[in-house]
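Shown next, in structure tokens, is the structure this report addresses.
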Amino acid sequence: MNEIEFSAHFTQYLPEKALPVVFNWIDGERLHIRISKPRTSKLGDFRVKSRRSIPAISVNGNLNQYSFLVTLTHEIAHFKDFKLRGTLVQAHGDSWKSIYSSLLDELIQTDSFPHDILPALRRHIDSPKAASCSDPKLLESLRSYDDDPPVLLKHLSDGDHFAISNGQIFVRGELRRTRYKCREVASQRFFLVHGSAEVFPVPHNKS
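This is the structure:
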């Protein structure tokens with residue numbers, strides 16, 4: 070795939086300024102990149118069956134362009150780390166972190182992200198997580214560009230009921246630093262939930 074073909078295929082998924090950067094990362098490489106159907110368990114992944122098989126990356130196709138870019142960069146860093154070390158052992162170790170941070174920094178230098186994402190992204194570069202969804206501040210910044218931005222726990226009020234993706238219903242309680250003490254309705258047990266967690270408000274009678 071040449072650069073024109075790459076740009077035509079990925080223009081709906083990636084910011085325009087990022088297209089030549091990402092193409093340069095993978096140009097000439099034996100690598101499959103697949104657009105996946107939405108998955109709740111992960112945003113993307115990197116797989117390789119053996120040293121002789123062609124490595125493959127998949128990224129959820131329902132992500133906004135900036136979420137897609139961060140996820141794809143995360144997985145390309147895995148590919149480059151695998152080429153360097155020949156193993157997926159310690160997949161999120163120092164080698165991967167160094168590569169991933171370098172790739173993200175290159176994207177920042179080419180103005181591939183809006184300015185309001187940069188503070189969270191720079192913090193993420195300083196201490197990369199195993200997944201962008203493990204970094205609440207970055208996840209919140211990226212999700213703000215969704216067509217239908219999610220409701221976050223911090224948007225609710227104490228006493229409000231909400232559900233999470235698996236259907237469990239909770240009541241929001243007091244804030245403790247970055248997490249809220251929430252009571253699960255079914256078990257009456259308490260859990261600490263991050264304020265940037267996506268939730269689904271549940272109507273209820275406060276009286």
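Its first residue numbered 70, the sequence shown is counted upward by one per residue in the working numbering.
Positions of the beta carbon are idealized from the N, C-alpha and C atoms, including for glycine.
query, result
"TYR214 lies in the beta strand (DSSP E); which residues open and close that run?", "Element bounds for TYR214: n/a, residue is neither H nor E."
"Determine the burial state of HIS147: buried for a count of at least 16 other Cβ atoms within 10 Å of its Cβ, exposed for fewer.", "buried"
"Would LYS149 be called buried (16 or more neighbouring beta carbons within 10 Å of its own) or exposed?", "buried"
"Which residues in the same chain have their Cβ closer than 7 Å to the Cβ of LYS198, if we skip the five residues on either side of it in sequence?", "ASP204"
"Would you call the region 229-243 and the region 158-177 in contact, with 3 or more CB pairs under 8 Å?", "no"
"What residue range does the beta strand (DSSP E) around VAL90 cover?", "No beta strand (DSSP E) holds VAL90; the alpha helix (DSSP H) holding it covers 88-95."
"Classify PHE75 as helix, strand or coil using the three-state DSSP reduction.", "helix"
"Can you tell which of ASP215, VAL268 and ASP185 has the C-alpha that lies nearest to the C-alpha of HIS224?", "VAL268"
"So the beta strand (DSSP E) PHE231 belongs to, where does it begin and stop?", "230-232"
"Are there 16 or more other CB atoms within 10 angstroms of the CB of ILE123, so buried, or fewer, so exposed?", "exposed"
"Could you tell me the alpha carbon to alpha carbon distance between LEU221 and ASN131, rounded to whole angstroms?", "19 Å"
"Alpha carbon to alpha carbon, how far is TYR249 from ARG241?", "7 Å"
"Could you compute how far the alpha carbon of LYS106 sits from the alpha carbon of SER127?", "9 Å"
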